[in-house]
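These notes concern the structure reproduced below.
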Amino acid sequence: MVALSFGGVVWSSAAAAQDSDLGEWSEVVSVMQEKLAAVPEAGDPSAVQTLIRQAYYENYQTSGLEDQVKHALGRDVNDKFVAELLNLRNLSRDGASPEALREDSDKVADLLTETVTKLVKAPKVADQWSRVADTIAQVITDAQSAYIKGQADRAFTLATEAYLGHYEADGFENNTIVHKGFNRVTEIEGMFSDLRQGYKDGRDQAQQEKLGKDLIAKLAEDAKFLDSKTQDTGPLGIAGFFSAFLILLREGAEALLVVAALVTYALKAGRRDQLRGILAGVVIAVVISISLAILFGQLSASVQSGMGQELLEGITGLAAALMLIYVSNWILSKSGGKRWEEYIKATAGEKTVAGGVFALAFVSFLTVAREGAETILFFYPIVSGAKTHSDYWFIVAGGVTAVVILAILFVLVWQFGVRLPLKPFFKWTSILLALLAIAIVGGAIKELQEAALVGAHMVSGVPTVVFLGIYPTAETLGAQIITAAVLGVLALLQLRKAKADQPEAGGSEIRSDTPISESNDKAFEENSSREDKKDAVEANSGKEE
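For the sequence shown, position 541 matches number 541 in UniProt numbering, and the numbering has no gaps at all.
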């Protein structure tokens, strides 16, 4: 399903790459011209002002067209167009006739087309990311200056803007992930967090200055590398395949393990009604992820849009971890043969029992939704780098290959779980979900740190292990230790209950090595036998009467 979502991104981008005098800006120009054409019929100055404001801020500026015109054609060319746009607004204020407004709006539309045509034909200057890095460097420098003046809060705000408003929202982060990998981004994010925390804690100015300079140097290095990729006019080729493959495989593995464990549990429990809930959770998560990816992709680069994405990932991560703790403990509580037999007897023949359906559906939803939107956003820079039709095929092939491998992994987990005896299955499923909860907690706290909502005190000597959610900060490690402690206490309580439930000699507890299908059949048969006997007694009683 994720493959289908990013497939839509790929082919829509391919369609947009058709020959046009306006190149990649054709859609922006078309929308602006529609608004300009509506000016003469707007009726009053306030309506005209709204149209002009939308054309400038929502289209010309937000799309990045203004920045590109300034950079490639010069500030004078940009200023000329903006002046003509504002003049149209002023004519409306002065009470110009619809004919005069139509003449001037046509003039502005022609100037827009002329300017963008020149932009498309202008020599490409491959320094997009260097300019973003320069902007970030300036914001960090301003933060340092504010800190020296004793304005720690101002410095913290500026450092947050540098990360959320530029590194993340301008696409620097995602492009670095695609071309340099997750480890590099994790390193840069850690430096941003450390810089912000230093301002908040009142760290030595010299130490903060060194950290800021080191961060600026690394950003400049990454920008130079990314610009070299942009300047490369050759096809992506196999690089597009591996970028799509690695991103989808990495982001999908965690969700797959959770969903596979839940599906296997539902099958072993004979609760196929729960499969529908799990599937529904996954489908809803994919739909919402695609919608959020489109929303985040269309939002203007800002601190708010960047924080919104980090906050969403952090909150869903914490919610997913809490639900995994609950489900892990619940499954462990059924690991004793007697308690499992009681559960099976209670639900045998009642496949529509709602117990547990919502919990499993919610876990599958949160697990997939946690990284879904971000995963789709990762594909935007990959697709934008495609230059030939074969590039698009390589990207699709990489994604499909990742999906196939994830499907194989799913089948392996499922088959392994089905073949396990009763008690080991519940024990290892519970352990797997518990470990995933610990990993997800670490990642969730990291997202909240990036949103500047949680502190980030660095711990030296601790390695970064992204897959396990291990990051070298006291907050992430502390949250994982607390989660592990809670899971440990719950496990001990379940062990005590299991000992208390041990049957006396000669009891009829299902052996822990009995295949689950046999225990289900046995419970169902016993339940059915009791019902048959009950019906027989009632029938005989009726005859006697």
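Heads up, the beta-carbon is just placed ideally off N, CA and C, and yes, glycines get one too.
As the structure is a prediction and not an experimental result, all values here were calculated from the model.
Close Cβ partners of residue i (< 6 angstroms) along its chain, the five nearest in sequence each way excluded
i: K351; result: Interpretation of K351 is limited by its pLDDT of 40, a score under 50 that renders its predicted location unreliable; no figure is taken from the coordinates.
i: V413; result: A260
i: I331; result: F426, T429, S430
i: S243; result: V178, I382
i: F410; result: L256, A260
i: A301; result: In this prediction, A301 scores a pLDDT of 47, lower than 50, which makes its location untrustworthy; no coordinate-derived value is stated.
i: E84; result: V108, L111
i: L406; result: G252, L256
i: E313; result: E447
Those residues which DSSP pairs with residue i across a bridge
i: I445; result: Bridge partners of I445: none, in fact.
i: I473; result: A small fix is needed here, since residue 473 is Thr in this sequence, not Ile. Partner(s): M458.
i: V486; result: Paired residues: none, contrary to the question.
i: V413; result: According to DSSP, V413 bridges with nothing at all.
i: V465; result: I470
7 angstroms CB neighbourhood of residue i in its chain, flanking five on each side removed
i: A505; result: With a pLDDT of 45 at A505, under the threshold of 50, the modelled position of that residue is not reliable, and the figure given next carries that caveat. So no residue of the chain qualifies.
i: A280; result: A361
i: V185; result: E173, T176, I177
i: D142; result: L158
i: T316; result: L366, A369, R370
i: V29; result: L22, L112, T113, V116
i: Y265; result: I331, T429
i: S130; result: A223, K224, D227
Residue range of the alpha helix (DSSP H) that includes residue i
i: G50; result: Rather than Gly, the amino acid found at residue 50 in this sequence is Thr. Note, T50: alpha helix (DSSP H), 45-53.
i: N175; result: 172-180
i: W254; result: It should be noted that the sequence gives Glu, not Trp, for residue 254. Segment 238-268, the alpha helix (DSSP H) holding E254.
i: D79; result: 75-93
i: E114; result: 98-121
i: A451; result: Segment: none, A451 is in no alpha helix (DSSP H) and carries neither H nor E.
i: E27; result: 26-37
Proximity to residue i [Cα-Cα], best of the options
i: G442; options: A479, A452, H71, P463; result: A479
i: D194; options: R93, K121, L256, M458; result: M458
i: V286; options: E447, L468, E371; result: E371
i: V368; options: W393, L91, A320; result: A320
i: Y199; options: Q49, L101, L91, G212; result: G212
i: G469; options: L436, E450, N87, G461; result: L436
i: V116; options: P98, V69, R75, A162; result: V69
i: Q415; options: D153, T141, V263, T473; result: V263
i: E99; options: V39, Y57, A55; result: V39
i: A162; options: P45, I140, F358; result: I140
i: L432; options: L22, S328, R53; result: S328
i: G165; options: A451, P463, I278, D127; result: A451
i: A397; options: F245, E313, R496; result: F245
i: E447; options: A72, R53, E475; result: E475
i: V48; options: L219, E310, L86, V82; result: L86
i: residue 567; options: E24, A55, P45; result: Within the shown structure, residues of the chain are numbered from 1 to 545, placing residue 567 beyond reach of any answer.
i: G43; options: A402, R276, Y57, R93; result: R93
i: L219; options: Q151, A253, A137, G270; result: A137
i: K268; options: V132, G417, D201, E189; result: G417
i: L215; options: E189, I238, L226; result: E189
i: T464; options: G240, A152, G23, E187; result: E187
i: S390; options: G240, R131, L51; result: G240
i: Q61; options: G461, E313, F81; result: F81
i: L324; options: E254, L492, F225; result: E254
i: L249; options: I408, Y57, A133, V77; result: I408
i: Q449; options: I238, G399, F156; result: F156
8 angstroms CB neighbourhood of residue i in its chain, flanking five on each side removed
i: I148; result: Q205
i: F378; result: N174, I177, V178, I247, E251
i: S105; result: L36, A37, V39, P40, L88
i: L51; result: K35, L36, A38, V39, A42
i: T483; result: A321, I325, A437, I438, V441
Only counting runs of 4 or more residues, tell me where the alpha helix (DSSP H) segments fall wholly within the stretch 128-206, in order along the chain. 128-148, 152-160, 172-180, 182-201
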